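Under my numbering, the residue at position 2 of the sequence shown is numbered 177, and the numbers go up by one with no gaps.
Here's the structure we're looking at; comments come further down.
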Amino acid sequence: MSAAASEVRLENVWKFYGDYAALRDLTLAIAQSSCWALLGRNGAGKTTLLRILAGLSPFQKGSIHLFGDAPRSEQARRKVGFLGHGIGVYEDLSAHENLIFFGRVAGLANPSAAADEWLLRVGLQRVANVPIRQFSRGMRQRLALARTFLHTPQILLLDEPFTSLDDRAISMLSELLTEARTRGATIVLSTHQLREALAIASHVALVENGRLRYAGERTQAMLDDPTYLYRLYTELGAA
């Protein structure tokens with residue numbers, strides 16, 4: 176595998192909504208098996224970036240490759256597990272039926288067995304046959320995580336994955352992400368829950384007003400003070 180195909184690479188990417196630039200000349204290389212915490216205030220461009228990487232939104236300038244493939248290609252889509260703000264499941268189907276459906280879409284050999292496994296992993300096995308419309312917000316989020324991990328994706332793109340999760344579920348998610356990295360998955364997650372994200376991240380990217388202000392390894396200083404990068408950005412911006 177060539178160097179260009181061994182990572183997620185963005186080069187000089189611009190995204191416009193009308194005349195507004197949501198991403199501005201963004202360049203970033205994300206190595207295989209790394210875990211990037213994508214930080215930034217509301218409106219910084221984090222969700223836009225994740226949706227572009229997932230192939231759900233086009234961009235106007237620059238280039239993006241996910242291990243050699245364009246993000247909107249069929250090859251790239253099969254490599255990606257995406258969790259957005261919406262949980263992306265069907266309200267009138269049960270949890271088990273939802274996962275079987277998504278397993279079939281992903282081309283799994285035995286989607287029913289995969290559904291059983293992931294309902295157990297996320298603690299929903301007792302409500303496997305309950306329609307999603309009866310689920311609480313936290314239960315829905317856990318099902319969305321099961322859907323995201325179901326097909327063992329090579330790339331995990333997670334937008335605020337800790338939302339609505341209790342402490343036990345947050346610990347479960349952290350374990351799942353650690354396991355995914357161990358098997359070689361590449362992870363990019365956006366969150367405002369800094370301590371949880373920094374605890375599992377190998378790298379950090381800070382986005383502000385669509386621009387990449389910092390990209391590098393997660394340091395001990397960030398662990399000691401999760402607001403460190405925000406304060407550094409403020410100081411740099413004032414300089």
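Glycine included, each C-beta is placed from N, C-alpha and C at the ideal position.
From a predicted model like this one, the values you see are computed outputs, not experimental measurements.
Q. Do Leu369 and Pro401 have their C-beta atoms within less than 7 Å of each other?
A. Cβ atoms of Leu369 and Pro401: closer than 7 Å.
Q | Start-to-end residues for the beta strand (DSSP E) that takes in Val188 | A | Start and end: Glu182 to Tyr192.
Q: Label Ala284 either buried or exposed according to how many other C-beta atoms from any shown protein chain fall within 10 Å of its C-beta, with 16 as the threshold for buried.
A: With fewer than 16 other Cβ atoms inside 10 Å of its own Cβ, Ala284 counts as exposed.
Q. Expressed to the nearest angstrom, what Euclidean distance is found between the alpha-carbon atoms of Leu407 and Ala372?
A. Each residue's Cα considered, the two are about 18 Å apart.
Q | Cutoff 6 Å; reference Glu292; Cβ partners in own chain excluding five residues on either side | A | Correct list: empty, nothing qualifies.
Q) Relative to the alpha-carbon of Ala289, which residue among Thr323, Leu348, Phe310 and Glu182 has its alpha-carbon at the smallest distance? A) In terms of CA proximity to Ala289, Thr323 leads the group Thr323, Leu348, Phe310 and Glu182.
Q. Leu198 lies in the beta strand (DSSP E); which residues open and close that run?
A. Following the DSSP letters along the chain, one finds Leu198 inside the beta strand (DSSP E) bounded by residues Tyr195 to Ala206.
(Q) I'd like to confirm the pairing. Which residues does DSSP put opposite Ala390 in its beta bridges? (A) DSSP, once it has assigned bridges, lists Ala380 as partnering Ala390.
Q) Does the pairing of the stretch 358-365 with the stretch 204-212 give three or more beta-carbon distances under 8 Å? A) Touching, yes, given that three or more Cβ pairs across the two stretches are closer than 8 Å.
Q: Give the DSSP-derived three-state secondary structure of Phe234 in the structure shown.
A: Coil, per DSSP.
Q | Start-to-end residues for the alpha helix (DSSP H) that takes in Phe276 | A | Membership of Phe276 in the alpha helix (DSSP H) is indicated by the continuous run Ala270 to Val280.
Q. Which residues in the same chain have their Cβ closer than 7 Å to the Cβ of Thr338, if we skip the five residues on either side of it in sequence?
A. Excluding its 5 nearest sequence neighbours in each direction, Thr338 has C-beta neighbours in its own chain below 7 Å: Gln316, listed in chain order.
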